[in-house]
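K.L.:
Below is the structure I would like to discuss, written out as structure tokens.
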Amino acid sequence: MVKRDLIIVGAGPAGLSAAKVALEAGLTVTIIERAAILGGQLTKQTHKFFGSKEEYAKTRGIDIASILIDELKNYEKRLEILKEATVVGMYKDYVLTIYQGNEYFKYQAKAIIIATGASEKVLAFENNDLPGIYGAGAVQTLMNLYGIVPGNEVVMVGSGNIGLIVSYQLIQAGVKVKALLEAASNIGGYLVHAAKLVRLGVPIYTKTSVKKAFGDKQLEKIETVKLDENWQYIEGTEEIINCDALCISVGLTPLHQLLSMAEVDMIYISELGGLIPKKTPDYETSMPRVYACGDVTGIEEASSAMVEGKIAGLMAARDLGHRHKKFNELEKQFKDQLQNLRQGPSGVKIRLGLQKAGEEL
Amino acid sequence: MIKNTGIPSLEQIKSKFPDEVPVKPKAIIECYQEIPCNPCATSCPFDAITIGKDINQIPRIDFDKCTGCGSCVYSCPGLAIIIANVKNEEAVFRIPYEQLPLPEVGSIWHGVNRNGEVICKALIKSVLKNKNTDRTCIITVIVPKQFLYEFITIRCPE
Chain A
401 MVKRDLIIVG
411 AGPAGLSAAK
421 VALEAGLTVT
431 IIERAAILGG
441 QLTKQTHKFF
451 GSKEEYAKTR
461 GIDIASILID
471 ELKNYEKRLE
481 ILKEATVVGM
491 YKDYVLTIYQ
501 GNEYFKYQAK
511 AIIIATGASE
521 KVLAFENNDL
531 PGIYGAGAVQ
541 TLMNLYGIVP
551 GNEVVMVGSG
561 NIGLIVSYQL
571 IQAGVKVKAL
581 LEAASNIGGY
591 LVHAAKLVRL
601 GVPIYTKTSV
611 KKAFGDKQLE
621 KIETVKLDEN
631 WQYIEGTEEI
641 INCDALCISV
651 GLTPLHQLLS
661 MAEVDMIYIS
671 ELGGLIPKKT
681 PDYETSMPRV
691 YACGDVTGIE
701 EASSAMVEGK
711 IAGLMAARDL
721 GHRHKKFNEL
731 EKQFKDQLQN
741 LRQGPSGVKI
751 RLGLQKAGEE
761 L
Chain B
1081 MIKNTGIPSL
1091 EQIKSKFPDE
1101 VPVKPKAIIE
1111 CYQEIPCNPC
1121 ATSCPFDAIT
1131 IGKDINQIPR
1141 IDFDKCTGCG
1151 SCVYSCPGLA
1161 IIIANVKNEE
1171 AVFRIPYEQL
1181 PLPEVGSIWH
1191 GVNRNGEVIC
1201 KALIKSVLKN
1211 KNTDRTCIIT
1221 VIVPKQFLYE
1231 FITIRCPE
């Protein structure tokens, strides 16, 4: 069995940030990433980021990925990176089973940081399995990583930041966005993102959902319907929109499976997207020296994922005997940063979720 | 309501302009919602924009300090800032633009309002794109002055 000090599962904004701080503190680090490139969701975020300077505000997500990867280059001697490697199991004796290429092997770690991120939620409606119906994140990957557009005329379902941003990027790619549907009465994401779409001529329909999809071999049109206060269809309000692609952007759910498999204490918090690990203020789970950070601990923005990663990296290093030279200063800085990101009205849901999970804010 | 349409009211728009019609170029910051974001404030070379320690606060601008330099226009990740002033019978705007094709200087494009409707002709005066603007173009455009509070962007005439 291969023995390692710290293994980080996932090389998105949280995992890469965790690696940087842990390496800086003196640890030897292994990063295991399922994709062929590092950066996670950042690799397709072509828009400029919000936040403050510390979270690389006004820098495009794709460039933040490069910055985070470059920062690791100073520590090449203490860093091992496995790409196109999927962690398929995690056990109570700190063993991770890994599948890479055609090989299946085991690593045992002294500490583990789980930064697996999240997956897209689906929406139930008739014919939702027709070709042409995608998750919005999948469309963003196809379009911004592989240069493939999903269709000519798209309808987006969901007005969270992902729905708004992917709609904007579809228009940039020359695709017609015919409408954006939102089940709630208000737009979910940032109003500045919504304003960008509306001025480009995209109508936003609130209290509206998709009821049914039609098509012979692939999507040809959808039927929309208005919703009442109890989220029920209002009969007689159905309308048809012709489209060859439909993007579903109705939220994300944490990729908790490895933590659940190791029987870490979990809790279901709807505000945070689903099942999340219980954790200490140091981002340690109920299993000693197993930390979690980023969307796997609750759905938030990439900016908070990066800060959470830094905290997890800092704590993992300390717990393996490599207390960072600036430990106290950094701990305060990171925790203040998180509080600052979450304290406004846009952080209400996250604060409520964390409170329900029994965490101090 | 902006919360379900994404469209601000005329009153909301006017609240972001100087009280007097701006003769000199001024930044119009159309940020109506508290979100954690502060690049407009940190990028202003003249300290004209204030957000403060809580980065969720809505930016406040001191029009006496604002020179209309445009640094905030390409720094705003929400593309929510334009520069505006009125000269003779014309309203002059500098707007952020991230679509293709880019307009040619001297051409006439559609002027568009916040609902996405074409409202006027827009004369393209300059197209700026450099390292600082980071792939966002800054377009200088002239429209009739009565559209000062209505014009927001341009659209390619077919």
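The listed protein sequences derive, respectively, from chains A and B. Okay, so the first sequence: first residue is 401 according to the numbering used here, each after it adds one. Okay, so the second sequence: first residue is 1081 according to the numbering used here, each after it adds one. Every residue gets a Cβ at the ideal spot worked out from N, C-alpha and C, and that includes glycine. Bear in mind that the values here come from a model prediction, so they are computed numbers and not experimental data.
1) Give every residue of the same chain whose Cβ lies closer than 6 Å to the Cβ of residue 535 of chain A, excluding the five residues on either side of it in the sequence, and list them in chain order.
2) Just by C-beta distance, which residues in the region 1154-1168 of chain B are closer than 9 Å to chain A?
3) Just checking: is the beta-carbon of residue 1112 of chain B within a distance shorter than 7 Å of some beta-carbon in chain A?
4) Starting from the C-beta of residue 1202 of chain B, find all residues in its chain whose C-beta is less than 6 Å away, skip the five residues before and the five after it, and write them out in chain order.
5) Is any beta-carbon of chain B found at less than 7 Å from that of residue 566 of chain A?
6) Considering only C-alpha positions, which residue in the set A:638, A:474, A:550 and A:724 is nearest to residue 622 of chain A?
7) How many angstroms separate the CA atom of residue 625 of chain A from the CA atom of residue 411 of chain A?
8) If I follow the unbroken beta strand (DSSP E) through residue 1174 of chain B, where does it start and stop?
9) Could you give the DSSP three-state label for residue 491 of chain A: helix, strand or coil?
10) Would you kindly report the start and end of the unbroken alpha helix (DSSP H) that includes residue 1152 of chain B?
11) By the 7 Å beta-carbon criterion, what residues does the region 1179-1198 of chain B contribute toward chain A?
12) Start and end of the alpha helix (DSSP H) containing residue 1144 of chain B?
13) Do we get a CB-CB distance below 7 Å when we pair residue 598 of chain A with the residues of chain B?
14) Whole angstroms is fine: what's the gap from residue 1093 of chain B's alpha carbon to residue 596 of chain A's?
15) Keeping to the same chain, check which residues put their C-beta closer than 6 Å to that of residue 488 of chain A; ignore five residues upstream and five downstream.
16) Would you kindly report the start and end of the unbroken alpha helix (DSSP H) that includes residue 1084 of chain B?
17) State buried or exposed for residue 507 of chain A, treating a residue as buried only when at least 16 other CB atoms are found within 10 Å of its CB.
18) Looking only at its chain, what residues have a beta carbon closer than 8 Å to the beta carbon of residue 441 of chain A, apart from the 5 residues adjacent to it on each side?
19) Tell me whether residue 573 of chain A sits in a helix, a strand or coil according to DSSP, three-state version.
20) In angstroms, rounded to a whole number, what distance separates the CA positions of residue 1035 of chain B and residue 448 of chain A?
21) In the DSSP output, what is residue 1190 of chain B paired with across the bridge?
22) Ends of the alpha helix (DSSP H) at residue 467 of chain A?
23) Scan the region 1107-1144 of chain B and note each continuous beta strand (DSSP E) run of 3 residues or more that stays entirely inside, going in chain order.
24) What does residue 594 of chain A reach in chain B if we use C-beta pairs closer than 7 Å?
25) DSSP has residue 598 of chain A in a bridge; who is on the other side?
26) For a test of the three-state rule: what should DSSP assign to residue 404 of chain A, helix, strand or coil?
27) For a contact meaning CB atoms closer than 7 Å, what does residue 590 of chain A contact in chain B?
28) Return the Cβ separation of residue 533 of chain A and residue 652 of chain A in integer angstroms, given the expectation that the two are a contact with Cβ distance under 8 Å.
P.N.:
So, from the listed chains and residues:
1) 520 and 648
2) 1154, 1155, 1156, 1157, 1158, 1159 and 1160
3) yes
4) 1189, 1191, 1221, 1223 and 1234
5) Closer than 7 Å to the CB of residue 566 of chain A there is not a single CB belonging to chain B.
6) Among A:638, A:474, A:550 and A:724, the Cα nearest to that of residue 622 of chain A is on A:638.
7) 40 Å
8) 1170-1177
9) coil
10) 1151-1155
11) Cβ proximity to chain A below 7 Å picks out 1179, 1192, 1194, 1195 and 1196 from the region 1179-1198 of chain B.
12) Per DSSP, residue 1144 of chain B lies in no alpha helix (DSSP H) and is assigned neither H nor E.
13) yes
14) 15 Å
15) 497 and 499
16) 1082-1085
17) Around the beta carbon of residue 507 of chain A, 16 or more other beta carbons sit within 10 angstroms, so the residue counts as buried.
18) 412, 413, 461, 517, 537 and 702
19) coil
20) Nothing can be reported for residue 1035 of chain B: it is not among the residues displayed for chain B, which extend from 1081 to 1238.
21) Note: residue 1190 of chain B sits in a beta bridge opposite B:1201 and B:1235.
22) 461-471
23) none
24) 1086
25) None, per the DSSP bridge assignment.
26) strand
27) Taking a Cβ-Cβ threshold of 7 Å, the residues of chain B close to residue 590 of chain A are 1113, 1115 and 1158, in chain order.
28) Cβ atoms of residue 533 of chain A and residue 652 of chain A stay farther apart than 8 Å, at about 18 Å.
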